[in-house]
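In my numbering, the protein residues as written are 21 to 217.
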């Protein structure tokens with residue numbers, strides 16, 4: 021075996037090892053999971069948005085580690101677009117963690133981000149249906165903190181494609197009663213069924 025041939029084989033082995041170890045970083049997204057962002061929703065916690073391929077098991081374990089503390093992520097499919105699903109995952113992380121480094125785990129995939137001050141201020145938007153009590157239909161973000169009685173006109177409910185008025189309240193108990201059953205959902209913009217649309 022010539023020296024040139026041995027050198028080429030050795031170089032090939034070194035390059036193969038370097039590429040194999042560098043290309044399997046734990047912090048890199050797989051081809052099936054993409055991190056879209058994380059932001060605070062006032063009164064709820066940290067909202068993490070992921071995009072996953074349609075064949076991804078959306079029930080796999082998801083968690084978040086901030087400043088050494090682990091939080092469970094509750095993930096739900098928010099929308100379907102082509103061959104991808106958008107997941108919205110919520111963790112009960114307080115705004116005291118602003119500036120902390122967060123590691124987000126979804127199954128074997130992980131991502132890192134720095135948690136930022138919750139501005140714009142984002143709030144849950146809650147609606148009522150004839151089938152049941154209050155439920156969240158989206159989020160609304162604004163440049164200042166909301167105050168009780170603030171009203172916004174939003175087009176968020178796909179069942180009714182018109183603008184409806186939502187009023188900021190501290191709890192479901194403070195919202196106008198639209199029917200039976202009002203579970204405690206915390207602060208947010210509630211549909212005001214007492215106003216004429």
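Think of the CB as a built atom: it goes at the ideal place given N, C-alpha and C, for glycine as much as any other residue.
Which first and last residues belong to the beta strand (DSSP E) in which residue 112 is found? Walking along the chain shown from the start, residue 112 turns up at place 92. Looking at the DSSP string, residue 112 is not in any beta strand (DSSP E), and its letter there is neither H nor E.
Looking only at its own chain, which residues have a Cβ that is under 6 Å from the Cβ of residue 85, when we skip the five neighbours before and after it? Here the question's residue 85 lines up with position 65 in the chain shown. The residues are 123.
Give, in chain order, every unbroken run of the beta strand (DSSP E) that is at least 3 residues long and sits entirely within the region 74 to 143. 82 to 86, 89 to 92, 94 to 101, 104 to 111, 121 to 126, 129 to 134
Quick one: grab the DSSP three-state call for residue 170. Within the chain shown, the letter at position 150 stands for residue 170. Looking at residue 170 - three-state DSSP - the assignment turns out to be coil, as it is neither helix nor strand.
Buried or exposed, going by whether 16 or more other CB atoms sit within 10 Å of the CB of residue 175? Within the chain shown, numbered from 1, the residue matching residue 175 stands at position 155. So residue 175 ends up on the exposed side.
What separation, rounded to the nearest whole angstrom, lies between the Cα atoms of residue 112 and residue 121? Locating residue 112 in the chain shown gives position 92, where the first residue counts as 1. Locating residue 121 in the chain shown gives position 101, where the first residue counts as 1. Distance between the alpha carbons of residue 112 and residue 121: 16 Å.
In whole angstroms, what separates the C-alpha of residue 141 from that of residue 129? Within the chain shown, the letter at position 121 stands for residue 141. Within the chain shown, the letter at position 109 stands for residue 129. Using only the alpha carbons, I get a separation of about 29 Å.
Hey, would you say residue 172 sits closer than 8 Å to residue 156, going by beta carbons? The count along the chain shown starts at 1 and reaches residue 172 at position 152. The count along the chain shown starts at 1 and reaches residue 156 at position 136. No, the Cβ-Cβ distance between residue 172 and residue 156 is not below 8 Å.
Spatially closest choice to residue 102 from 81, 72, 183, by CA coordinates: As a working note, residue 102 is residue 82 in the chain shown. Per the Cα distances, 72.
On the CB-based measure, 16 or more other CB atoms within 10 Å of its CB, does residue 161 come out buried or exposed? The residue given as residue 161 occupies position 141 in the chain shown. Counting Cβ neighbours within 10 Å, residue 161 comes out exposed, since fewer than 16 surround it.
Starting from the Cα of residue 90, find the closest Cα among 81, 98, 97, 96 and give me that residue. Here residue 90 corresponds to residue number 70 of the chain shown, with the count starting at 1. The residue with the shortest Cα to Cα distance from residue 90 is 81.
In whole angstroms, give me the CA-to-CA distance for residue 106 and residue 70. Position 86 of the chain shown, counting from 1, holds the residue named residue 106. Position 50 of the chain shown, counting from 1, holds the residue named residue 70. Distance between the alpha carbons of residue 106 and residue 70: 6 Å.
Could you give the residue range of the beta strand (DSSP E) that holds residue 189? Indexing the chain shown from 1 puts residue 189 at position 169. Its beta strand (DSSP E) spans residues 184 to 189.
Throw me the rounded Cβ distance for the residue 8 and residue 148 pair, which I believe falls under 8 Å. In the structure as shown, the chain starts at 21 and stops at 217, and residue 8 therefore has no counterpart that could be examined.
Which residue from 132, 186, 79 puts its Cα closest to that of residue 58? To locate residue 58, count along the chain shown from 1; it is residue 38. Comparing Cα positions, the closest option is 132.
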